[in-house]
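S.K.: All residue numbers for the sequence shown refer to our numbering, where the first residue is 2 and numbers rise by one.
The beta carbon of each residue, even a glycine, is placed where N, CA and C say it ideally should be.
Dropping a structure here in structure tokens format, bear with me for questions.
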Amino acid sequence: METLIKFHRPLGQTGLSVSPLGLGTVKFGRNEGVKYPENFEIPDEQFLAALLAHARDLGINMLDTAPSYGVSEERLGRLLKGQRQDWTIVGKIGEEFKNGESEYIFTPEHFEMSLQRSLKNLQTDYLDVLLIHSDGSDMAILSDEKLIRKMDEFKSRGLVRAIGASTKTVEGGIKTLDLMDIVMATYNPVMRAEKPVLDHADEKGKGVLLKKALASGHLDKLGKNPLQTAMDFAFAHPGTTGIIVGTINPSHLSANVNAAIKALKN
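Pasting the structure below:
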């Protein structure tokens, strides 16, 4: 089977090389308060170890996690022992998930605590990418000079290699690209509003990771042959660096990779 290895590409100007598909890990640690079409049980770590091995065999080298993903970070810390050099880890900051609800805290002090906790949980001394986990008030967050200085400081201290934000507005996505290295944006055939963010990234040579490229699993919204339609759509834009797809189904992961490879060859 063909893998994604030969399709690895630069993540903007960060010096990182990533697979065009990354594995999202919310389902590794949390199954409440999520927006997927079907309920699911959180797998045991033996299953997850096999899933990560399968992902690596498919040529995937990027993992996306967050403090708000339940016990995802702690589990990855155990699962990735001896493998840290094989993975690009995308982490987040700013959102907590407690008692079934999200709580957002945007202060330099919380950012420091959160990153240190993530490093401890993941059993690593650095993250490849750290994104501010926006609650939708993108411009207010990104206009807080203390927060941006803190993100820059994390880089200068060697705690992270690249910084950015997971945004929810066009204005926020563009400002993120002007201030930092990477943006995580929403873009799929039924959610096209953030296309100007991808356009701006392409112009500036910055990295873009897409979330909800498969409409959060609601593929019925994407028409005929929805998986291929979504992959073709995402990779047709030259601003797209990679897509984060959250799955705990090995066959779905293989299908995602096959569809991505087909789209990348077009």
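Give every residue of the same chain whose Cβ lies closer than 7 Å to the Cβ of valine 323, excluding the five residues on either side of it in the sequence, and list them in chain order.
M.R.: Residue 323 is absent from the model: the chain starts at 2 and stops at 267.
S.K.: Do you know offhand how far alanine 186's Cα is from aspartate 45's?
M.R.: Distance between the alpha carbons of alanine 186 and aspartate 45: 30 Å.
S.K.: When burial is assigned at 16 or more other CB atoms within 10 Å of the CB, is asparagine 257 buried or exposed?
M.R.: Classification for asparagine 257: buried.
S.K.: How long is the line joining the alpha carbons of tryptophan 88 and asparagine 122, rounded to whole angstroms?
M.R.: Rounded to the nearest angstrom, the two C-alpha atoms are 16 Å apart.
S.K.: Along the chain, where does the alpha helix (DSSP H) containing threonine 177 start, and where does it finish?
M.R.: Run containing threonine 177: 171-180, per the alpha helix (DSSP H) assignment.
S.K.: Please classify isoleucine 6 as buried or exposed, where buried requires at least 16 neighbouring CB atoms within 10 angstroms.
M.R.: Flag for isoleucine 6 reads exposed.
S.K.: Is isoleucine 43 closer than 8 Å to threonine 66 when the C-beta atoms are compared?
M.R.: Contact: no.
S.K.: Between valine 171 and glycine 137, what straight-line distance do the alpha-carbon atoms span, to the nearest angstrom?
M.R.: When rounded, the distance between both Cα atoms is 11 Å.
S.K.: Tell me the DSSP secondary structure of histidine 134 in three-state form.
M.R.: Correct three-state label for histidine 134: strand.
S.K.: Taking Cβ to Cβ, would you say proline 68 is nearer than 8 Å to glutamate 75?
M.R.: No; because the gap between Cβ atoms is not below 8 Å, this pair is not in contact.
S.K.: Which stretch, first to last residue, makes up the beta strand (DSSP E) that contains valine 209?
M.R.: Valine 209 -> beta strand (DSSP E) spans 208-212.
S.K.: Which partner residues of valine 184 appear in the DSSP bridge assignment?
M.R.: Paired residue(s): Ala166 and Val209.
S.K.: From glutamate 39 to arginine 10, what distance separates their C-alpha atoms?
M.R.: Cα to Cα, the separation comes out at about 33 Å.
S.K.: Can tyrosine 188 and lysine 176 be called in contact, C-beta distance under 8 Å?
M.R.: Not a contact, by the Cβ cut-off of 8 Å.
S.K.: Using 8 Å as the threshold, is the stretch 49-60 in touch with the stretch 94-105, meaning 3 or more CB pairs across them?
M.R.: The answer is no - the stretch 94-105 does not touch the stretch 49-60, with fewer than three Cβ pairs under 8 Å.
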